[in-house]
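Number of protein chains: 2
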Amino acid sequence: MYRNTSYLLLSVLKSRFAEKHSIWSSIGLVLRHVSTTNTTQKRFIQSFVKPINCRFDFKHNCCLTSRSQPLLRQPSSQTGFQLNQSIRRSLNTSHTMAFTTDQRGQQNSSDYRVFIKKGDTGEPVSPWHDIPLFADEGNRIYNMVVEIPRWTNAKMEIATKEPLNPIKQDIKSDKLRYVRNCFPHKGYIWNYGALPQTWEDPKHLDEATGCKGDNDPIDVIEIGSRVADRGEVIKVKALGVMALIDEGETDWKVIAIDVRDELAAQLNDVRDVEMLKPGLIRATYEWFKIYKIPDGKPANEFAFNGEAKDREFAEKTIAETHKYWQELVNASSNATDLDLKSTTLGNSSKIDNQNAIEIINQRQESAKAVPKPIDDQTAIDKWYYITLP
Amino acid sequence: MYRNTSYLLLSVLKSRFAEKHSIWSSIGLVLRHVSTTNTTQKRFIQSFVKPINCRFDFKHNCCLTSRSQPLLRQPSSQTGFQLNQSIRRSLNTSHTMAFTTDQRGQQNSSDYRVFIKKGDTGEPVSPWHDIPLFADEGNRIYNMVVEIPRWTNAKMEIATKEPLNPIKQDIKSDKLRYVRNCFPHKGYIWNYGALPQTWEDPKHLDEATGCKGDNDPIDVIEIGSRVADRGEVIKVKALGVMALIDEGETDWKVIAIDVRDELAAQLNDVRDVEMLKPGLIRATYEWFKIYKIPDGKPANEFAFNGEAKDREFAEKTIAETHKYWQELVNASSNATDLDLKSTTLGNSSKIDNQNAIEIINQRQESAKAVPKPIDDQTAIDKWYYITLP
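Going line by line, the protein sequences match chains A and B.
Reminder that position 65 of the first sequence reads as 65 in my numbering, one-by-one numbering, no gaps.
Going from the second sequence to my numbering is simple: count from 1 and add 389.
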């Protein structure tokens, strides 16, 4: 039976390999189990680690890379293991894994948090304050923190009022918030997230929209082909911006493309989007306009008649929100309820690595936590048919 | 470590509870592991089985229902366990579990099969030949075998040429077939499947379409709100039918609604669909028209200018394909390469229960099999933007 458990667990892990590189850190739990194997099991284990160019050393009971270095090294606060750095890089050749995630609490519960750490050292960072806005300022490439992968429904967001600003699920009326599916759309139709080191200042009345900021980092929709991971930090180009007025607040939506996307070189402004992805801007407009209607809210409005402004306008808007953020974190005192703790900024909100680790460790490790069953999957799956007059 | 493995496995299983009732059969594997537990673990196990109104009896090392009956009874060919019948019913109050599934082989591989069994006795059936076309003939309610759940991409279908006609993934050019996402759609936009005991006779030239049948049972799209499970048998009302001409063959698409859907009472003909789900018929037309274009095929055509015919026409078409199926299975000899084995029909293709079980047992049990990583998830996730002239 013990063998079956390992098999089943391995199979579950393996099935998730293609979509979740982070699951590999959990394999440490499994690989420690294989010391008492027979030939069949040994062959199975080898076939399991072969796709990542590894072999299992049964004598030393550890998984070795092609350079005979251990795949996992201790310790990680989450699983007791961490992937060998070079392997982690090779597993993510298409990603630049400057950052990794540390998930805490029960998934699908109000306790669930995704903390962000540096990929090389494992040091915690705030995705809002510590990740630089620019990945490459000269080439105008921004970092984007992915909060919501395409086609999912859970409304995940950077917790601006919590230390280290982990990603958590929004709560409305004491319930976890999921966006409804408005036909023909399924969940979010882009990878959705935020640009770090930006802030839509709620005291600032925007000239263009006539509304105040929504007190959050600026939102981004990434329109690339790949479905990103929750908590992933990707490099994007800004292509344009739309000015949603969401319940009376200015809520900029920057339109961006992952620089690794096969169309990235051809997408340089919002007009290119309509050329290469016809209908997407219109669908985006409609999506934001109606997405709260199934929850009994009125249709949202847009400034500029719903028109998407160009790249230059988008970059100017980002620069403004970056300036508001700088004023926020450099103020002599924090007059807001926002949490400005940072592990890298040289301001008064800086905390050291040990403090940051303690903040994360106050929360239960997800590896041992039981994901909560989703209360009403059928309600989340429902398709709403909204027709506007 | 052992405890962590169980925890992790339990958590994986539990996370799937809401969506997959069938996963509960796997819990048998886990529950046999808890005999050496401490108080914390015991409490954990109790909290785990409480949502299904059970308690774990640590003395006898089994899970008891609220009526103190074992949750699992032996033996099942798949896991060594089967869910207690009454619990299975209570877990599926919203389903009529007249049939269950038995999955074999590696998921995401050419070996993967979903066999169908009777819910009460576990006897294998052919979903094509043994499941009655009508669930309730007087009220014109049909059985539908779900092959492809909404929003998924894997092209699963009843294997008409294999004994017991399990559901398998279609292969094209030696590769597992996935339908592409054509913007704004994600995967199949309905629960897709077939009506049992029907056949589109490839020798029969259809008067209405001028084309021959495609040699398969008739296809159904179920437009209800719920995302169905692969291999599930649901009761549906026919509302209309569209006549797709797919690479020169008549390929009827019956439009149907799950009788349990909240709108089922209001949906009685195809015109009701446009009233209650505006845009769905048009989206369906476009979906079928363009879905093979990303694979280099031309746009599909429809008979009747793409118009969806009404319920009466649909029922007439179903009746015809039922008649062709009857002629097929009642012929004195099988002149086709289709597999007509049946466990319930009184014709020359009848096999007994033992033979049927042996057919299934020739294939590896999925519980121990390792799901294959999907070769190129990114390609499956890609969104194609198709504009027709």
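A virtual CB, placed ideally from N, CA and C, is assigned to each residue, including glycine.
1. I'd like to know if Trp151(A) contacts chain B, where contact means its C-beta is closer than 9 Å to some C-beta of that chain.
2. From the DSSP output, which residues share a beta bridge with Gln103(A)?
3. So, are the CB atoms of Arg752(B) and Asp699(B) less than 9 Å apart?
4. Using CA atoms only, rank isn't needed, just tell me which of Ile281(A), Trp199(A) and Ala238(A) is closest to Asn268(A).
5. If you draw a straight line from the alpha carbon of Asn554(B) to that of Gln495(B), how long is it in whole angstroms?
6. Kindly indicate which three-state DSSP category Arg183(A) falls into: helix, strand or coil?
7. In terms of alpha-carbon separation, which member of Ala543(B), Asp446(B), Thr489(B) and Asp509(B) lies closest to Ala768(B)?
8. Ordered along the chain, which non-local residues of its own chain (more than five positions away) have a Cβ less than 7 Å from that of Gln266(A)?
9. When the Cβ atoms of the stretch 695-712 of chain B are set against those of the stretch 579-589 of chain B, are three or more pairs found closer than 8 Å?
10. Name the residues in the stretch 669-688 of chain B whose C-beta lies less than 8 Å from a C-beta of chain A; which are they?
11. Going straight from the alpha carbon of Glu327(A) to that of Asn143(A), what length do you get?
12. Secondary structure at Cys770(B), three-state DSSP: helix, strand or coil?
13. What residues in its chain sit with their C-beta under 7 Å from that of Thr639(B), if we drop five residues either side in the sequence?
14. So Lys382(A) contacts chain B; which residues on that side make the cut at Cβ distance below 7 Å?
15. Would you decide whether Lys161(A) is buried or exposed? Buried here means 16 or more other CB atoms lie within 10 Å of its CB.
16. Let me know if Tyr387(A) comes out buried or exposed under the rule of 16 or more other beta-carbons within 10 Å of its beta-carbon.
17. Count the CB pairs spanning the stretch 335-349 of chain A and the stretch 222-231 of chain A that are closer than 8 Å, and state whether there are at least three.
18. So is Tyr774(B) in contact with chain A if we call contact Cβ pairs under 9 Å?
19. Give the interface partners of Lys175(A) over in chain B, defined as CB-CB distance under 9 Å, in chain order.
20. Assuming Thr284(A) is part of the alpha helix (DSSP H), what are its boundary residues?
21. Suppose the cutoff is 6 Å on Cβ atoms and the five residues either side in sequence are ignored; what does the same chain contact list for Tyr324(A) look like?
22. Going along the chain, which unbroken runs of the beta strand (DSSP E) with 3 or more residues stay wholly within the stretch 199-265 of chain A?
23. Can you list, in chain order, the residues of its chain with a C-beta nearer than 8 Å to that of Ile646(B)? Leave out the 5 residues immediately preceding and following it.
24. Buried or exposed for Phe693(B), please, with buried defined as at least 16 other CB atoms from any protein chain shown within 10 angstroms of its CB.
25. Just to confirm my understanding: we take Val227(A), look at its own chain, exclude 5 residues before and 5 after, and list those with CB closer than 6 Å. What are they?
26. Please state whether DSSP places Thr387(A) in a helix, a strand or coil.
27. Kindly list the residues whose CB is nearer than 6 Å to the CB of Ala314(A), restricted to its own chain and excluding five residues on each side of it in sequence; keep chain order.
28. What did DSSP end up calling Pro760(B) once you bin it into helix, strand or coil?
29. Just reading off the alpha helix (DSSP H) that Asn143(A) is part of, what are its end residues?
30. Quick one: what does DSSP say Glu754(B) is sitting in, helix, strand or coil?
31. Beta strand (DSSP E) containing Phe523(B): first to last residue?
32. Please report the residue range of the alpha helix (DSSP H) in which Thr272(A) lies.
33. May I ask you to list, following chain order, the residues of the stretch 161-186 of chain A that have a beta carbon less than 8 Å from some beta carbon of chain B?
34. For Ile578(B), which residues in chain A fall below 8 Å Cβ to Cβ?
35. Enumerate in chain order the residues of its own chain whose CB-to-CB distance from Ile141(A) is below 8 Å, with the five nearest sequence positions on each side excluded.
If we stick to the structure as given:
1. yes
2. Val114(A)
3. No, these two residues do not count as a Cβ contact at 9 Å.
4. Ala238(A)
5. 17 Å
6. In the sequence as presented, Arg is not what sits at residue 183(A); that position holds Phe. Look at Phe183(A) here: in three-state DSSP terms it is coil, with no helix or strand label.
7. Ala543(B)
8. Asp272 and Leu276
9. Segments in contact, yes.
10. Leu669 and Ala672
11. Roughly 20 Å separates the two Cα atoms.
12. One point to set straight first is that residue 770(B) is Asp, not Cys, in the sequence displayed. Looking at Asp770(B) - three-state DSSP - the assignment turns out to be helix.
13. Counting only Cβ-Cβ distances below 7 Å, and skipping sequence neighbours, we find Glu589, Asp595, Thr598, Cys600, Lys601, Gly602, Asp603 and Ala632.
14. Simply Ser614.
15. exposed
16. The residue asked about is misnamed: residue 387(A) is Thr in this sequence, not Tyr. Thr387(A) comes out exposed.
17. no
18. yes
19. What Lys175(A) touches in chain B: nothing, since even the nearest Cβ is about 15 Å away.
20. Leu280 to Ile290
21. Trp199 and Asp201.
22. 219-222, 233-246 and 249-258
23. Counting only residues of its own chain and dropping the five nearest sequence neighbours on each side, Ile646(B) has a CB closer than 8 Å to the CB of Glu611, Ile612, Gly613, Val625, Lys626, Leu628, Leu652, Ala653 and Leu656.
24. exposed
25. Pro149 and Arg150
26. Coil at Thr387(A), not helix or strand.
27. Ala238, Gly240, Val241 and Val254
28. coil
29. Per DSSP, Asn143(A) belongs to no alpha helix (DSSP H); it is in the beta strand (DSSP E), Ile141 to Ile148.
30. strand
31. Residues Phe523 to Asp525.
32. Note that residue 272(A) is Asp in the sequence shown here, rather than Thr. Note, Asp272(A): alpha helix (DSSP H), Val270 to Leu276.
33. Residues Phe183, Pro184, His185 and Lys186.
34. Pro184
35. Phe134, Ala135, Lys235, Val236, Lys237 and Val259
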